[in-house]
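> My questions all concern the structure below.
Protein chains: 2
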Amino acid sequence: MVPITDPRINNYLMKLSSEDDRLILGMEREAKKRDFPIVDRLVGRLLYTLTKLKNPRLIVELGSGYGYSAYWFAKALGRGRVVLIDYDEKNSKKAQKVFQEADLKRKAEFRVGNALDLAQEYRNIDILFIDIDKHQYTSAVKSLLPNLNRNALVIADNALWYGKVTGKSRDRETLGIKEFNDYMFRHKEFYTTIMPLRDGVLIAYKIT
Amino acid sequence: MVPITDPRINNYLMKLSSEDDRLILGMEREAKKRDFPIVDRLVGRLLYTLTKLKNPRLIVELGSGYGYSAYWFAKALGRGRVVLIDYDEKNSKKAQKVFQEADLKRKAEFRVGNALDLAQEYRNIDILFIDIDKHQYTSAVKSLLPNLNRNALVIADNALWYGKVTGKSRDRETLGIKEFNDYMFRHKEFYTTIMPLRDGVLIAYKIT
Numbered sequence: 001m002v003p004i005t006d007p008r009i010n011n012y013l014m015k016l017s018s019e020d021d022r023l024i025l026g027m028e029r030e031a032k033k034r035d036f037p038i039v040d041r042l043v044g045r046l047l048y049t050l051t052k053l054k055n056p057r058l059i060v061e062l063g064s065g066y067g068y069s070a071y072w073f074a075k076a077l078g079r080g081r082v083v084l085i086d087y088d089e090k091n092s093k094k095a096q097k098v099f100q101e102a103d104l105k106r107k108a109e110f111r112v113g114n115a116l117d118l119a120q121e122y123r124n125i126d127i128l129f130i131d132i133d134k135h136q137y138t139s140a141v142k143s144l145l146p147n148l149n150r151n152a153l154v155i156a157d158n159a160l161w162y163g164k165v166t167g168k169s170r171d172r173e174t175l176g177i178k179e180f181n182d183y184m185f186r187h188k189e190f191y192t193t194i195m196p197l198r199d200g201v202l203i204a205y206k207i208t
Numbered sequence: 209m210v211p212i213t214d215p216r217i218n219n220y221l222m223k224l225s226s227e228d229d230r231l232i233l234g235m236e237r238e239a240k241k242r243d244f245p246i247v248d249r250l251v252g253r254l255l256y257t258l259t260k261l262k263n264p265r266l267i268v269e270l271g272s273g274y275g276y277s278a279y280w281f282a283k284a285l286g287r288g289r290v291v292l293i294d295y296d297e298k299n300s301k302k303a304q305k306v307f308q309e310a311d312l313k314r315k316a317e318f319r320v321g322n323a324l325d326l327a328q329e330y331r332n333i334d335i336l337f338i339d340i341d342k343h344q345y346t347s348a349v350k351s352l353l354p355n356l357n358r359n360a361l362v363i364a365d366n367a368l369w370y371g372k373v374t375g376k377s378r379d380r381e382t383l384g385i386k387e388f389n390d391y392m393f394r395h396k397e398f399y400t401t402i403m404p405l406r407d408g409v410l411i412a413y414k415i416t
């Protein structure tokens, strides 16, 4: 493992990013307690900013967990909606509870099952957020390319995979992420960059 | 000094971000040779992405150097234009030469003098890019707030100032950047985040 951003930098950024939304604070506490992977507050703020800039009608999330990232998307949404897809019914129920409490349920749709299959039902996706098993990233974007709107954004979490992308690891996850990054940076229809925030956030702007 | 992003991560991102624009490559070579501070290619790609998302009419740069960042803005621009302001006539001439060669001059305006004074001439700024003396950042954004368009972006380079923002340095530059970050994160009209790319890039979305 390679540290991505120096912990002192991370602490400084976290201190600047104070938060008073008790639902966000609650989800963060739960993530810590259960060691459940969430994107974290700094990435959440990036998702919020990108959503404000993009003003999307439709966001589709592959791998929503209990709704932490979707919550940031939903808070930034104008008239659009976010589709949360997760394979785990329990996660989905938790997400629904949080969205209910925040009065954001009207902006969201909750689906349980295989993310790649269910996402196929949606057309004109403005933001596709990918946070499923790492070896599935490339096939996810390949199979959903026709479903993306003009100038869509593809955002993928864990694009630096604990820094293991810089080394010689041959495990399925590391290889999957490396393949995905290569694919996105070389793809003629995408303009791609990675933010070294937390575990790396890939942002690809569809130029067609 | 605190390292911001691990150099192995930086190398990995640079390898992904191959470039064949000979004018960009030329400016990067010159920066290396003269030890001239430019934002670097990874930040350039972020500026390009943000410009595509924002589709601005007017970008104003405070502290353009010889035009490296402005070149990324200009390449991403639709019908808008970018105003390059620098106090050094030689820098401006170099920037003009590059923009001429790239056939981007019609998208640019070149001004020489005090950035804070000259920028006051512009109204409805969609993207304000700040890269001047670090103790001037806060006064720059304060004085130009009325000149910003609804939902404008403020982007500032060196927001982590060699990582010195995390320590106890009391020099004018470090204090200036810390004051600026505090100001932007607390400001009710901005939604602010910092990307730990190179020396830190602050992105503030004007929510009014």
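Sequence lines, in order, name chains A and B.
Counted from 1, the first sequence has number 88 at position 88 by my numbering; the numbering is strictly sequential.
One rule links them: number in my numbering = place in the second sequence (from 1) + 208.
Cβ coordinates follow ideal geometry from the N, Cα and C atoms, glycine included.
These figures come from a predicted structure and were not determined experimentally.
#1: Rounded to whole angstroms, what is the Cα-Cα separation between ILE130(A) and ALA204(A)?
#2: Any idea what DSSP makes of LEU118(A), helix, strand or coil?
#3: Out of ARG314(B), ILE385(B) and LEU361(B), point me to the one whose CA is closest to SER347(B)'s CA.
#4: Taking a contact to mean a Cβ-Cβ separation below 9 Å, would you say VAL39(A) touches VAL154(A) in this structure?
#5: Assess, as a yes-or-no matter, whether the stretch 290-304 of chain B is touched by the stretch 320-338 of chain B under the definition of 3 or more beta carbon pairs within less than 8 Å.
#6: Let me make sure I understand the geometry here. Which of LEU58(A), ASP21(A), TYR162(A) and GLU28(A) has the alpha-carbon closest to that of LYS134(A)?
#7: Run the CB neighbour count on ILE125(A), radius 10 Å, all protein chains shown included, and call it buried at 16 or more, exposed below.
#8: Can you give me the C-alpha to C-alpha distance between ASN91(A) and ASN357(B), rounded to a whole angstrom?
#9: Taking 9 Å as the threshold (C-beta atoms), are VAL320(B) and GLU297(B) in contact?
#10: With a cut-off of 8 Å, do at least 3 Cβ pairs link the stretch 307-325 of chain B to the stretch 272-283 of chain B?
#11: For ALA348(B), does the three-state DSSP call read helix, strand or coil?
#12: Just list the residues that DSSP pairs LYS206(A) with in beta bridges.
#13: Considering only residues of the stretch 237-296 of chain B, which uninterrupted alpha helix (DSSP H) runs meet the minimum length of 4 residues and lie entirely inside it, listed in chain order?
#14: Would you report the Cα separation of GLU30(A) and ASN158(A), rounded to the nearest angstrom?
#15: Please check the pair PHE307(B) and SER17(A), which I expect to be a contact at CB under 8 Å, by giving their CB distance rounded to whole angstroms.
#16: Measure the CB-CB distance between TYR330(B) and LYS302(B) and report whether it falls below 9 Å.
#17: Report back the beta-carbon spacing between LEU250(B) and LEU405(B) to the nearest angstrom; my notes put them in contact at under 8 Å.
#18: Would you please verify whether the beta carbon of LEU312(B) is less than 9 Å from any beta carbon of chain A?
#19: Residue range of the beta strand (DSSP E) that ILE335(B) falls in?
#20: According to the neighbour-count rule (16 or more other Cβ atoms, all chains shown, within 10 Å of its Cβ), is THR416(B) buried or exposed?
#21: Can you pull the chain B residues whose beta carbon is under 8 Å from the beta carbon of VAL2(A), in chain order?
#22: LEU368(B) to ASP171(A), Cα distance in whole Å?
#23: For VAL165(A), list the residues DSSP reports as bridge partners.
#24: Between the C-alpha atoms of ASN114(A) and LYS164(A), what's the straight-line distance to the nearest angstrom?
In terms of the structure at hand:
#1: Taking the first sequence and counting its residues from 1, one reaches residue 130(A) at position 130. Taking the first sequence and counting its residues from 1, one reaches residue 204(A) at position 204. If I take the Cα positions, the gap works out to 12 Å.
#2: Along the first sequence, one-based indexing puts residue 118(A) at 118. If DSSP states are grouped into helix, strand and coil, LEU118(A) belongs with the helices.
#3: By one-based count along the second sequence, residue 347(B) stands at place 139. When ARG314(B), ILE385(B) and LEU361(B) are compared, the shortest CA-CA separation from SER347(B) is found for ILE385(B).
#4: The residue given as residue 39(A) occupies position 39 in the first sequence. The residue given as residue 154(A) occupies position 154 in the first sequence. Contact flag unset, no.
#5: yes
#6: The residue labelled residue 134(A) in the question sits at position 134 within the first sequence. Per the Cα distances, TYR162(A).
#7: Working through the first sequence from its first residue, we reach residue 125(A) at position 125. That one is buried.
#8: Within the first sequence, numbered from 1, the residue matching residue 91(A) stands at position 91. Within the second sequence, numbered from 1, the residue matching residue 357(B) stands at position 149. The straight-line gap from Cα to Cα measures roughly 41 Å.
#9: Locating residue 297(B) in the second sequence gives position 89, counting from the first residue. Locating residue 320(B) in the second sequence gives position 112, counting from the first residue. Cβ atoms of GLU297(B) and VAL320(B): closer than 9 Å.
#10: yes
#11: Mapped onto the second sequence, residue 348(B) falls at position 140. Here ALA348(B) sits in helix by DSSP.
#12: Counting from 1 along the first sequence, the entry for residue 206(A) is found at position 206. BP columns for LYS206(A) point to PHE190(A).
#13: 249-262 and 276-284
#14: Taking the first residue of the first sequence as position 1, residue 30(A) is located at position 30. Taking the first residue of the first sequence as position 1, residue 158(A) is located at position 158. Each residue's alpha carbon lies about 20 Å from the other.
#15: Counting from one through the second sequence, the residue named residue 307(B) turns up at place 99. Counting from one through the first sequence, the residue named residue 17(A) turns up at place 17. Rounded, the Cβ-Cβ distance is 37 Å, inconsistent with contact.
#16: Along the second sequence, read from residue 1 onward, the residue named residue 330(B) stands at position 122. Along the second sequence, read from residue 1 onward, the residue named residue 302(B) stands at position 94. The answer is no: Cβ separation not under 9 Å.
#17: Start at 1 with the first residue of the second sequence, and residue 250(B) comes out as number 42. Start at 1 with the first residue of the second sequence, and residue 405(B) comes out as number 197. With 8 Å as the limit, LEU250(B) and LEU405(B) qualify as a contact, their Cβ atoms being about 5 Å apart.
#18: Residue 312(B) sits at position 104 when you count from the first residue of the second sequence. Chain A contact via Cβ: absent.
#19: Here the question's residue 335(B) lines up with position 127 in the second sequence. Run containing ILE335(B): 333-338, per the beta strand (DSSP E) assignment.
#20: On the second sequence, residue 416(B) is found 208 positions in, with the first residue counted as 1. By the 10 Å Cβ count, THR416(B) comes out exposed.
#21: Within the first sequence, residue 2(A) is the residue found at index 2, counting from 1. What VAL2(A) touches in chain B: ASP214, ARG216 and ILE217.
#22: If you number the second sequence from 1, residue 368(B) lands on position 160. If you number the first sequence from 1, residue 171(A) lands on position 171. Distance between the alpha carbons of LEU368(B) and ASP171(A) is about 34 Å.
#23: Counted from its first residue, the first sequence places residue 165(A) at position 165. VAL165(A) is not bridged to any residue.
#24: Against the first sequence, residue 114(A) aligns to sequence position 114. Against the first sequence, residue 164(A) aligns to sequence position 164. One C-alpha to the other measures close to 27 Å.
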